[in-house]
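>
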Amino acid sequence: MVVVGGGLAGAQAALTLRAHGYDGRVVLIGDEPVAPYERPPLSKEYLRGEIEPAAFAVHPADAYAREGVELRTGTPVEALDARERAVRLADGEVIRGDAVLLATGCRPRRLPVPGADLPGVVHLRTLADADRLRALLDAGGPLVVAGGGWIGCEVAASARRRGVDVTLVERLGTPLEGVLGPEVGAFWARVHREEGVRLITGTGVEAFEGHDGVERVRLAGGRTLPCAAVVVAVGVTPRTELAAAAGLAVDDGIAVDACLRTSAPGVFAAGDVARAWHPGYGRALRVEHWATARHQGAWAAGAMLGRREPYDRLPYFFSDQYDVAMEYTGAHAPDDRLTVRGAPGDRAFTALWQDAGGRLTAAMGVGAPEGLDDWATLIRAAVTVDAERLGDPRVPPEEVAGAGATGGVPGACGLR
Ligand SMILES: Cc1cc2nc3c(=O)[nH]c(=O)nc-3n(C[C@H](O)[C@H](O)[C@H](O)COP(=O)(O)OP(=O)(O)OC[C@H]3O[C@@H](n4cnc5c(N)ncnc54)[C@H](O)[C@@H]3O)c2cc1C
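Under this note's numbering, the letters of the sequence shown match residues 116 to 531, in that order.
(1) If you measure from the CB of His404, is any heavy atom of ligand 1 nearer than 6 Å?
(2) By Cβ distance, which residues of its chain are closer than 7 Å to Arg333, with the 5 residues on each side in sequence left out?
(3) Who are the Cβ neighbours of Arg354 in its own chain at under 7 Å, not counting the five residues just before and after it?
(4) Taking 6 Å as the cut-off, does the CB of Leu429 come closer than this to any heavy atom belonging to ligand 1?
(5) Does DSSP classify Asp367 as helix, strand or coil?
(6) Leaving out five residues on either side along the sequence, give the residues of the same chain with a beta carbon under 6 Å from the beta carbon of Val365.
(7) Hey, Val260 and Val294 are a contact pair by Cβ (cut 8 Å); roughly how many whole angstroms apart?
(8) Are the segment 401-419 and the segment 247-263 touching by the rule of at least three beta carbon pairs closer than 8 Å?
(9) Taking 6 Å as the line, does the beta carbon of Arg401 fall inside it for any heavy atom of ligand 1?
(10) Report whether the distance from the Cβ of Leu239 to the nearest heavy atom of ligand 1 is below 6 Å.
(11) Compute the minimum distance between the beta carbon of Ile369 and the heavy atoms of ligand 1, and state whether it is under 6 Å.
(12) Is Thr219 close to ligand 1? I mean its beta-carbon at under 6 Å from any heavy atom of the ligand.
(13) What is the DSSP secondary structure of Gly517, counted as helix, strand or coil?
(14) Any chance the CB of Ala534 is under 6 Å from a heavy atom of ligand 1?
(15) Could you give the DSSP three-state label for Arg225: helix, strand or coil?
(16) If we ignore side chains and look at the alpha-carbon of each, how far apart do Ala516 and Gly386 end up?
(17) What are the uninterrupted segments assigned as beta strand (DSSP E) that are 3 or more residues long and contained completely in the segment 347-423, given in chain order?
(18) Under 6 Å Cβ to Cβ from Asp280, same chain only, skipping five residues before and after it: list those, please.
(19) Span of the alpha helix (DSSP H) holding Arg495?
(20) State the CB to CB distance for the pair Thr318 and Gly336, rounded to an integer number of angstroms; the pair is presumed to be in contact (CB under 8 Å).
(21) Spatial neighbours of Val351 within its chain, please: CB distance less than 8 Å, with the 5 preceding and 5 following residues excluded, ordered by chain position.
(22) Compute the beta-carbon to beta-carbon distance between Gly120 and Gly139, rounded to the nearest angstrom, for a pair I have assumed lies under 8 Å.
(23) Please determine if the segment 156-172 and the segment 193-205 are in contact, where contact requires at least 3 C-beta pairs separated by less than 8 Å.
(24) What first and last residue would you give for the beta strand (DSSP E) that runs through Val141?
(25) Is it buried or exposed for Gly445, if we count other Cβ within 10 angstroms and need 16 for buried?
(26) Is any non-hydrogen atom of ligand 1 found closer than 6 Å to the C-beta of Ser434, if you look at the structure I gave you?
(27) Let me make sure I understand the geometry here. Which of Ala243, Asp196, Met116 has the alpha-carbon closest to that of Pro168?
(28) Out of Ser273, Pro155, Asp177, Val117, state which residue places its alpha-carbon closest to the alpha-carbon of Asp196.
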C-alpha cells in the first residue's frame, strides 16, 4: 500500500490500514523533513510560543516503526504511473503498490505582485514556515497580514496576543466574507478591531517594497503600510500535479467518487486535495479542514482494502481567535439564506444557513451557546425548516423542525 503525502490524511490512512488488520507492506512518503504533524497549532498555540512540535504530532514518534509502516520523510514523489499503481521517487526508485493513496494536500497561493519573494514575506503552511514567522514576530513587527481568511485572521489574533502591531488587509468588505458572507464577516471585523487590529478592507495589495527585506506594503490607490513582516494568506491550491500528469480526472482537486476512488482503478485520494462526491449534499465537495483530512484519511484505508462504503460525514471545522471559539458544521452555498440566533455583540450566537427548499445546510456556533449537535442532526435529516422558528431563540434546536417538517434525504444515506 503506497501513501503519497505525509500530512494528516496520509498518516491516518497508513496506520488505519494496520487497524483494519492489513499485514502487508505500507509505505508512507512525504516531502517534508519531519514526521506527520497537525497544522492547526501553526497559526495558534505554536505561533504564540505556547507549545512544542511534539505536542502536535499526528502519531507518537515511534508509532510508525511499531506498526511496521515505512515512513519516508524528505522524499518527494516525482511521478505516478496510474496503470501500474507505481510511484517514482527523486532518486529513481520505483515503488509499486496494490493501491495508491494521493494525500498531497494544498499549497498556499502566491500574490502575483512585485516584491512577493522579498525576505520577510511568509506563507504559512508548514512547520518551517511557522518557525520563520515566529522569528519575525520575536523581532517585534509591525506585521501586515494580506488576506482575511481563516489563516490570516488566526495569525492576526495570535500576533496581537504577542503584543505585535497588526494591520490586516482584505480585498472584500470584511474578513471571512468570502466564506461566511458579509453579515457574519462583520462580526469578525468587529472582534479584530476590538482587539486592536488595524483593518483595511475593500483594498488589494499592489506591491511589497524593501531592500534586504520587506519594509512596506503598497496598496491599490497608493497608500503604504510600514512593516517588518508580511503574511500572505490568500487561500490555497490543491496539489494535483502528480494526478494530472498521470491522466487522472482533476477539477479543482483530484476528482473522487463517494468511496474516494479516482478515475484510475486502485488509485484513491483523500484530504485537502480530494474533491469527493458527497451523497448527502448531492454534489462534490473539496473540504480544506482538519476533520475531513482525519476522517477521510482513515476512510481511504478501508477503500484501499476494497471496502465500498460512501464517505458521508458532515464537514466540520473549528477556529480559535482571541477568546472566541468557533465551530462550523455542514456546507452552505453562497445563495443560502442566513438566520442568526443569539447576540453577536456578546460573542455568543449561532448562524444557520438554509437552501432554497428551506433545508438547513450549515450551522456555525460562536461561543457555542447551544452546541452544534442538534443542528447537525437537522442538517442530516434534510427536512424543511420554518425560518421564523429557526431564528427564535425561545424554540430549542431539537424542536425547530416541529411536526410540519417535510422532506428527508432521498434514500436515507446515513449521514454521520
Ligand atoms: C496554519 C494552518 C492552520 C489551520 N487551522 C485549522 C483549523 O483551525 N481548523 C481546521 O479545521 N483546519 C485547519 N487547517 C487545515 C488543516 O490543517 C488541513 O485541512 C489539513 O492539514 C489537511 O491535511 P492533508 O493531509 O489533506 O494535507 P496536508 O496537511 O497539506 O499534507 C499533505 C502533505 O503531502 C506532502 N506532499 C505533497 N506533494 C507531495 C509529493 N509529490 N511527494 C511527497 N509529499 C508530498 C506535503 O508537503 C504535505 O506534507 C489549518 C491549516 C493551516 C496551514
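Note that beta-carbon positions come from the ideal geometry of N, C-alpha and C, so glycine has one too. Source: prediction; values computed, not measured.
Let me spell this out:
(1) yes
(2) Glu321, Ala322, Glu324, Thr339
(3) Thr219, Gly220, Cys221, Arg222, Val388
(4) no
(5) coil
(6) Thr355, Ala358, Ala359
(7) Contact doesn't hold; Cβ gap of about 16 Å is too wide.
(8) no
(9) no
(10) yes
(11) no
(12) yes
(13) coil
(14) Here the chain comprises residues numbered 116 to 531, so residue 534 is not present and cannot be evaluated.
(15) coil
(16) 33 Å
(17) 351-353, 369-371, 382-384, 389-393, 398-400
(18) Gly256, Pro257
(19) 488-496
(20) 7 Å
(21) Cys221, Arg222, Pro223, Arg224, Arg240, Asp387, Glu403
(22) Their Cβ separation, rounded to whole angstroms, is 20 Å, which puts Gly120 and Gly139 out of contact at 8 Å.
(23) no
(24) 141-144
(25) buried
(26) yes
(27) Ala243
(28) Val117
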